[in-house]
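Participant: So that we are looking at the same thing, I have put the structure below in structure tokens.
What follows is the structure, encoded as structure tokens:
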């Protein structure tokens, strides 16, 4: 059993779920602050130049979501899987799957919105809170290496950014897994 | 590379928007992501949401106003 599968088995066990649910946000908070941002590096910044209610919004997540027809992420790869899956904006939520072993999956399997809020964004579109949903959204799995993601020009994060730009996306919501 | 804007919530992994089926909670968190995240006015800033896992009660929310808070 790979290390990641072993961690996934723990995270999805009764004990693991209890520990991760009751750490008081310690683990998620610690990992959020574990790598201080290098503000010497230029931070990409684009001011929102139109109201949210007029904006085209896309969802990008690292929660391992894929369609039933797509190949699942490789959860056994030693350094993770840098690939991404394009999730159509009109995808049937019940047909989406998850390939990820780094977080407890029970909640996400009952309600995908908790890790991939496409359904909530559809509600926001219907309510007029956002202008419209983008035609394509992106999902990554777990990857511990950043180079395959950010290496220009073919890094997978660059590919997603290009896709969002080509689709005229004004605002991307990123949800971590 | 830091994110342009980040919203931090101390919820367990696998529950970034809240509990399964908890519509009021999920809408509250989503709304806060837009309203507070877009209110950040300089690159690399992070705002922490005040919600505590399984401690808060959430009022029904509409998703008709997601504009940045002043």
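Residue numbers (the numbering used here), protein chains in the order written: chain P, 22 to 198; chain E, 1291 to 1360. Think of the CB as a built atom: it goes at the ideal place given N, C-alpha and C, for glycine as much as any other residue.
1) I'd like to check one pair, residue 1299 of chain E with residue 1306 of chain E: are the Cβ atoms closer than 8 Å?
2) Between the segment 111-129 of chain P and chain E, which residues of the former have CB atoms less than 8 Å from a CB of the latter, in chain order?
3) If the cut is a Cβ gap below 7 Å, which residues of chain P does residue 1352 of chain E touch?
4) Specify, as a first and last residue, the run of the alpha helix (DSSP H) that residue 169 of chain P falls within.
5) Would you tell me roughly how many angstroms separate the C-alpha atoms of residue 181 of chain P and residue 1350 of chain E, rounded to the nearest one?
6) Could you tell me whether the Cβ of residue 108 of chain P comes closer than 8 Å to any Cβ of chain E?
7) One question on the structure: do residue 89 of chain P and residue 155 of chain P come within less than 8 Å of each other, judged by their Cβ atoms?
8) Within its chain, find whatever has a CB closer than 6 Å to the CB of residue 1308 of chain E; leave out the 5 residues flanking it on each side and keep chain order.
9) In its own chain, which residues sit with a C-beta less than 8 Å from the C-beta of residue 194 of chain P, not counting the 5 before and 5 after it?
10) I want to check one thing, is the minimum distance from the CB of residue 71 of chain P to the heavy atoms of the ligand SAM below 7 Å?
11) Answer with yes or no whether the minimum CB distance from residue 141 of chain P to chain E is below 8 Å.
12) Below 8 Å on C-beta distance, what does residue 135 of chain P contact in chain E?
13) If the cut is a Cβ gap below 8 Å, which residues of chain E does residue 144 of chain P touch?
14) Can you list, in chain order, the residues of its chain with a C-beta nearer than 8 Å to that of residue 200 of chain P? Leave out the 5 residues immediately preceding and following it.
15) Ignoring anything shorter than 4 residues, give me the alpha helix (DSSP H) runs that lie fully in the segment 71-147 of chain P, in order along the chain.
16) My output table needs one value for residue 1359 of chain E: the three-state DSSP class, helix, strand or coil.
17) Of the residues P:40, P:190, P:26, which one's Cα is nearest the Cα of residue 110 of chain P?
18) Could you tell me whether any Cβ in chain E is nearer than 8 Å to the Cβ of residue 196 of chain P?
19) Ordered along the chain, which non-local residues of its own chain (more than five positions away) have a Cβ less than 7 Å from that of residue 173 of chain P?
20) So, residue 136 of chain P versus residue 1304 of chain E, is the Cβ gap smaller than 8 Å?
21) Rounded to a whole number of angstroms, what is the C-alpha to C-alpha distance between residue 65 of chain P and residue 196 of chain P?
22) Between which residues of its own chain and residue 94 of chain P is the CB-CB distance below 6 Å, once the five residues before and five after are set aside?
23) Could you name each continuous beta strand (DSSP E) segment of 3 residues or more that falls completely within the segment 1298-1328 of chain E, going from the start of the chain to the end?
24) Look at the Cβ atom of residue 150 of chain P, then the Cβ atom of residue 1359 of chain E, and state whether they are nearer than 8 Å.
Facilitator: On the basis of the coordinates in this document:
1) Counted from its first residue, the second chain places residue 1306 of chain E at position 16. Counted from its first residue, the second chain places residue 1299 of chain E at position 9. Yes; because the gap between Cβ atoms is below 8 Å, this pair is in contact.
2) Those residues of the segment 111-129 of chain P placed with their C-beta closer than 8 Å to a C-beta in chain E are 123, 124, 125, 126, 127, 128, 129, ordered along the chain.
3) Position 62 of the second chain, counted from the start, is the residue given in the question as residue 1352 of chain E. Under the 7 Å cutoff, chain P gives 148.
4) To locate residue 169 of chain P, count along the first chain from 1; it is residue 148. For residue 169 of chain P, the enclosing alpha helix (DSSP H) covers residues 168-171.
5) Counting from 1 along the first chain, the entry for residue 181 of chain P is found at position 160. Counting from 1 along the second chain, the entry for residue 1350 of chain E is found at position 60. Taking the Cα positions, residue 181 of chain P is about 34 Å away from residue 1350 of chain E.
6) By one-based count along the first chain, residue 108 of chain P stands at place 87. Output row for residue 108 of chain P: interface = no.
7) In the first chain, residue 89 of chain P corresponds to position 68, counting from 1. In the first chain, residue 155 of chain P corresponds to position 134, counting from 1. Going by C-beta atoms, residue 89 of chain P is not nearer than 8 Å to residue 155 of chain P.
8) For the purposes of this step, residue 1308 of chain E is taken as the residue at position 18 of the second chain. Around residue 1308 of chain E, the same chain offers 1315, 1316, 1319 as residues with beta carbons nearer than 6 Å, after the five sequence neighbours per side are excluded.
9) Here residue 194 of chain P refers to the residue found at position 173 when the first chain is read from its first residue. If we look at residue 194 of chain P and ignore the five residues flanking it on each side, its Cβ neighbours are 78, 79, 80, 81, 138, 142.
10) The model depicted lacks the ligand SAM and carries no ligand whatsoever.
11) The count along the first chain starts at 1 and reaches residue 141 of chain P at position 120. Judged by the 8 Å Cβ criterion, residue 141 of chain P is in contact with chain E.
12) Numbered from its first residue, the first chain carries residue 135 of chain P at position 114. Result: 1304, 1305, 1306, 1307, 1308, 1309, 1310, 1316.
13) On the first chain, residue 144 of chain P is found 123 positions in, with the first residue counted as 1. Simply 1317, 1353.
14) Shown here, chain P extends from 22 to 198; a query on residue 200 of chain P therefore has no answer.
15) Annotation note: the segment 71-147 of chain P contains the following uninterrupted alpha helix (DSSP H) runs of length 4 or greater, listed N- to C-terminal: 127-131.
16) What you label residue 1359 of chain E is simply residue 69 of the second chain in a count that begins at 1. Looking at residue 1359 of chain E - three-state DSSP - the assignment turns out to be coil, as it is neither helix nor strand.
17) Looking up residue 110 of chain P in the first chain gives position 89. For the residues P:40, P:190, P:26, the minimum Cα distance to residue 110 of chain P belongs to P:190.
18) Position 175 of the first chain, counted from the first residue, corresponds to residue 196 of chain P. Output row for residue 196 of chain P: interface = yes.
19) Counted from its first residue, the first chain places residue 173 of chain P at position 152. Closer than 7 Å at Cβ, skipping near neighbours: 179.
20) Counted from its first residue, the first chain places residue 136 of chain P at position 115. Counted from its first residue, the second chain places residue 1304 of chain E at position 14. Contact flag set, yes.
21) Position 44 of the first chain, counted from the start, is the residue given in the question as residue 65 of chain P. Position 175 of the first chain, counted from the start, is the residue given in the question as residue 196 of chain P. Their Cα atoms are separated by approximately 18 Å.
22) Translated into the one-based positions of the first chain, residue 94 of chain P becomes position 73. Answer for residue 94 of chain P: 85, 102, 120, 162, listed in chain order.
23) Fully contained in the segment 1298-1328 of chain E is no beta strand (DSSP E) run of length 3 or more.
24) The residue you call residue 150 of chain P lines up with position 129 of the first chain. The residue you call residue 1359 of chain E lines up with position 69 of the second chain. Taking 8 Å as the cut-off, the beta carbon of residue 150 of chain P is found no closer than this to the beta carbon of residue 1359 of chain E.
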